[in-house]
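In UniProt numbering, the protein residues as written are 1 to 220.
Structure, as structure tokens:
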């Protein structure tokens with residue numbers, strides 16, 4: 001599963017991985033690059049505008065037809081403009097546990113599922129990637145702020161680490177003390193963000209057309 005559809009991966013069954021699907025575009029000083037093309041030492045641009053170096057890029061291929069709990073790892077699609085114009089600029093696919101940076105907090109994608117603007121999809125397979133920086137931070141993925149890799153002792157769940165790969169790893173635990181922002185899974189902030197999905201703001205061009213129309217109606 002890439003940012004546009006199934007990728008045909010057929011690796012071992014796996015995990016509750018907080019990851020980006022293959023094809024996700026990560027902002028760099030030279031523009032956007034597919035996450036799978038990034039390597040250690042490459043520069044990326046964080047949501048705050050800082051340029052930092054990639055320390056490591058993990059990847060994992062999952063066969064969802066063999067996974068014991070596929071609903072835990074099926075990609076979540078965040079539709080283009082779900083959080084306002086260009087946020088994201090194209091559909092973004094992340095794992096359910098992957099946190100998006102919204103209203104100053106980190107919210108797992110699965111907490112935002114509404115069946116419309118944010119919905120889980122069901123490919124037969126998915127290739128996930130994650131990007132580690134020197135510290136936990138916020139990347140820009142398809143134009144939407146989303147977290148970098150947070151090492152909670154789960155590096156062994158990726159195929160390209162040094163050591164055995166667990167068959168059914170669990171990435172769900174979070175190292176709260178190392179996180180760059182609070183994680184939110186309930187409460188008023190989450191409800192406010194979800195309410196914004198239910199009534200998305202019009203794109204700038206559409207707002208402009210409405211403004212012109214309202215002025216014309218007032219003159220009539």
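Glycine is no exception: its CB is placed at the ideal position from the N, C-alpha and C atoms.
Here the structure is a predicted model, which is why all the values come from computation and not from measurement.
For residue i, the three-state DSSP class (helix, strand or coil)
| i | result |
| --- | --- |
| residue 27 | strand |
| residue 63 | strand |
| residue 86 | coil |
| residue 72 | helix |
| residue 58 | strand |
| residue 194 | helix |
| residue 97 | coil |
| residue 109 | helix |
Whole-angstrom C-beta distance between residue j and residue i, which should lie under 8 Å
| i | j | result |
| --- | --- | --- |
| residue 20 | residue 94 | 6 Å |
| residue 52 | residue 26 | Not confirmed; about 12 Å, so no contact. |
| residue 238 | residue 23 | Outside the modelled stretch of the chain, which goes from 1 to 220, sits residue 238, for which no answer is possible. |
Of the listed residues the options, nearest to residue i (C-alpha basis)
| i | options | result |
| --- | --- | --- |
| residue 137 | 114, 86, 49 and 38 | 49 |
| residue 145 | 31, 47 and 83 | 47 |
| residue 60 | 129, 141 and 70 | 129 |
| residue 187 | 105, 132, 179 and 148 | 105 |
| residue 118 | 79, 143, 148 and 103 | 79 |
| residue 71 | 113, 34, 35 and 134 | 113 |
Cβ-based neighbour list, residue i, same chain, cut-off 7 Å, excluding 5 preceding and 5 following
| i | result |
| --- | --- |
| residue 190 | 107, 111 and 184 |
| residue 41 | 53 and 54 |
8 Å CB neighbourhood of residue i in its chain, flanking five on each side removed
| i | result |
| --- | --- |
| residue 39 | 54 and 57 |
Where residue i falls, given that 16 or more other Cβ within 10 Å makes a residue buried
| i | result |
| --- | --- |
| residue 199 | Bear in mind that a pLDDT of 46 at residue 199, under 50, signals an unreliable position, so the model cannot answer this. |
| residue 77 | buried |
| residue 109 | buried |
| residue 147 | buried |
Same chain, Cβ closer than 6 Å to residue i, neighbours up to 5 away in sequence not counted
| i | result |
| --- | --- |
| residue 86 | 143 |
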